[in-house]
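Novice: Residue numbers (my numbering): 67 to 708. Here a beta-carbon is modelled for each residue, glycine too, at the ideal position from N, C-alpha and C.
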Amino acid sequence: MPQAAQPAPRPPHEQAAIELKRPRSQFWQPIVIGAFASVYIAMLFVFWPAVAAGVFCGLLAAIVAYSFRRRRRLMRGAASSVLNAAFNLIGLGRLREASQVLDVLEQHIAEPWALRLVDIQRAIIAIRMGEMEPALARLTSAIERPTDGYLQENVQYQMEGARALRAFVNASLGKHAEAQFDIDFVKQGNPSDDALARVELAQAMILEQQGKREELRQLLLEKSTLLLEHTHPRERAIVRAFQRLVRSGSSSVYRRAEARPKASERDEPTLADWVARVAPTLADFVRSPRAADQAATVAPGEVLARPTEHALRANAAAKKAGYTFPWKTAGAVAVAVVAGFVALVMGISSAAVQSVGAQVDPSRYEVPQTVAWILGMFALSIPAGFGVMGIRRALMRRSAEKAVRKSNAAATGPRVMTEEHLGRMAQSPSPVVAAQALLMLADRAERASNFEATLEYTTRALGRLQDPKDRTAADIVYPDLLSLRAFALSAVGRFEEANAELSGLGNAYPHFGRAVFRARLMMLARSGAHGTAAQWVAQSEADLPLSVREELLADLICATTEPEKAGAGEVARLRDELRAPELRTWIQKAAPRLLHEFEKATTADVQMRIEPLVPAEHLREAQAEEEAAAYEVPEKAFTPLG
């Protein structure tokens, strides 16, 4: 019998409209139910009409007030969900659909906090499209909106990010004074690494436009770690273009004869076209390290094998091992409740016996009734005990989450949390807070190439999120943990379990492509299948939001397997980045054979295998290499990655 065709999924903007209309449709439900309940309660005072009317009006007024508060809460929750959906679409490069979702949101909510986020997201869309003037207008609107009211604890972070973005946009437009104002404003506060990296990039753009080549070179040397680690890959392409610019003088170290990619049919322009709009003087210094500069030729889900039962069971057992039920607390609550009920029942039984006096035999009355009461109360005490424990746990969770929000909002010192602070947060009674702290610890361990610790932290975090309600509350944290755990499993050689972990993700996760790409790349690199890894890089999405370590791994594979396509300048750039001690250590642990094979090829060997160039371009290439050697930086000038 043929299966019924599945209905086509709704477009994102239609789904957003449904979510935003739902709180309004649910507004009258508590009022109708509460009105009937108020009438029933008022009837208890039927002999006192004034009292009955007062009771009815008071209860109904309280219910109406509750309904308004409930509607506002649901509306804010729906707006937050829609904003997350729009941001996810931006991450997937579906800019047109994200803009349509934001159109719907603006029609349904007018609170400043939501409109500020709409402005910021529209500015990001405009920046990704290379349209800087509309982005500037949106960022200015976001900064000028009122900052009081809902979600005040997040305002500082949002304003900081908006000003950093505006500094970048103003620098792109050549408005140096305006850009410098935002740069100084962000630096005077306590900026996050992402905001600081963006304003340093804006500073570099200003120096380049003013022709201050030596100051630009010094900034790139001092801030190279920050700029490479905490920027989006497209912004990182500008950083790399600056590095090539200061080496090559006035011309590119790459062959100008290389074909420029055709215009993309996707929402956003290709990397080269985007840089040509944002920083026109750097257009000739941008080169995508991937063969495919546009869309991937294979969907991420197509490369995943069907997970084995053994791998699924291993993953499930590891996460359950990280979750410990509070048996001591549950037992203590149950014993206390039972003891209280027993004492109460014994007292009632004794009073009953004394009241009947000699009319009955106490031995025939007291014991059976006491036993019956004890058994009944014991049966009721178990759910009551768990209920008390659940209320206590919910209150502790809410208190812990509120304390974290307050500490973030009132932070005046460095925002970088210490390992000790994150360790205390990991023991929080709130699973969401604990999972976030463990994710941060896992991320730090991955940067430090401690893949075993990364696996341990992510497993513990997923163990704390066994309850589906906690997974929902954790939002993006839960799939991020799955993605990072799959990557860590790949790094320690447990490939089947990594594949099974990836199967728990899907296209709804905005970073699904990156999760599959980096996990499979790590599998192939660790197994020494560098040729297959190079093919995987070539057929995958070129604009994935990779970290600087993942990007370096992919570029090293391409430069090792096909050095003639990489070119002398690309090899020199990779060698420079490998001077950073922690980057080199990360590559050595991730793919030790790859690093050995790459280092066997010298720049001269690569040049010999490059196709003959025209004399003028050959001269520029040699000139670039001489300048690169002249500006070679000692190893101590590079700072470890954070």
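1) So, for Ala503: in the same chain, excluding its five sequence neighbours on each side, which residues have a beta-carbon less than 6 angstroms away from its beta-carbon?
2) Work out the CA separation of Ala192 and Ser165 for me, nearest whole Å.
3) Helix, strand or coil for Leu370 per DSSP?
4) Please report the residue range of the alpha helix (DSSP H) in which Asp250 lies.
5) Quick check: the Cα distance between Ala245 and Glu80, rounded to an integer number of angstroms?
6) Sorted by chain position, which residues of the same chain lie with C-beta nearer than 6 angstroms to Pro200's C-beta, five sequence neighbours on each side aside?
7) Taking three-plus beta-carbon pairs below 8 angstroms as touching, is the stretch 652–668 in contact with the stretch 524–535?
8) Comparing alpha-carbon positions, which option in Glu85, Gly157, Ala349 lies nearest His577?
9) For the alpha helix (DSSP H) containing Lys666, name the first residue and the last one.
10) In the DSSP assignment, find the alpha helix (DSSP H) that holds Ile156 and state where it starts and stops.
11) Can we say the stretch 203–217 touches the stretch 253–260, given the rule of at least three CB pairs closer than 8 angstroms?
12) Going by DSSP, what residue range makes up the alpha helix (DSSP H) through Ser104?
13) Could you check where the alpha helix (DSSP H) with Ala208 kicks off and where it finishes?
14) Assign Thr347 to one of three DSSP states: helix, strand, or coil.
15) Would DSSP call Tyr575 helix, strand or coil?
16) Can you give me the Cβ contacts of Asp185 inside the same chain, cut-off strictly under 6 angstroms, excluding the 5 residues immediately before and after it?
17) Give the secondary structure of Leu622 by DSSP, where H, G and I count as helix, E and B as strand, and everything else as coil.
18) Work out the CA separation of Asp546 and Gly570 for me, nearest whole Å.
19) So Glu522 and Val558 are supposed to be a Cβ contact under 8 angstroms. How far apart are they, rounded?
20) Less than 8 angstroms separating the beta-carbons of Val305 and Leu294?
21) Give the secondary structure of Val543 by DSSP, where H, G and I count as helix, E and B as strand, and everything else as coil.
22) Taking Arg615 as the reference, give the member of Ile653, Gly579, Pro647 with the closest Cα.
23) Throw me the rounded Cβ distance for the Ala552 and Leu568 pair, which I believe falls under 8 angstroms.
24) Helix, strand or coil for Val603, going by three-state DSSP, please let me know.
25) Does the distance from the CB of Leu292 to the CB of Glu281 come in under 8 angstroms?
26) Please list, in chain order, all residues of the same chain as Met271 whose beta carbon is under 7 angstroms from its beta carbon, the five residues on each side excluded.
27) Would you call the stretch 130–144 and the stretch 87–94 touching, i.e. three or more CB-CB distances under 8 angstroms?
28) Return the CA-CA distance between Pro611 and Leu644, expressed in angstroms with no decimal places.
29) Give every residue of the same chain whose Cβ lies closer than 6 angstroms to the Cβ of Thr297, excluding the five residues on either side of it in the sequence, and list them in chain order.
30) Kindly confirm or deny that the stretch 95–109 and the stretch 160–178 touch, where touching means at least three C-beta pairs closer than 8 angstroms.
31) Can you give the beta carbon distance from Ala554 to Glu512, rounded, assuming they're within the 8 angstroms contact cut?
32) Tell me whether Ser290 sits in a helix, a strand or coil according to DSSP, three-state version.
33) Is the distance from the Cβ of Ala600 to the Cβ of Ile623 below 8 angstroms?
34) What would DSSP say about Glu709, mapped onto helix, strand or coil?
35) Terminal residues of the continuous alpha helix (DSSP H) containing Ser91?
Specialist: From the atom records:
1) Leu488, Met491, Ala492
2) 10 angstroms
3) coil
4) 242–254
5) 38 angstroms
6) Ala192
7) no
8) Gly157
9) 658–666
10) 115–157
11) no
12) 94–109
13) 198–210
14) helix
15) coil
16) Arg204, Ser207, Ala208
17) helix
18) 11 angstroms
19) Rounded, the Cβ-Cβ distance is 11 angstroms, inconsistent with contact.
20) yes
21) helix
22) Ile653
23) 5 angstroms
24) helix
25) no
26) Ala237, Ser238, Ala345
27) yes
28) 20 angstroms
29) Ala263
30) no
31) 7 angstroms
32) helix
33) yes
34) The structure shown does not extend to residue 709, since the chain spans only 67 to 708, so no value can be given for it.
35) 78–91
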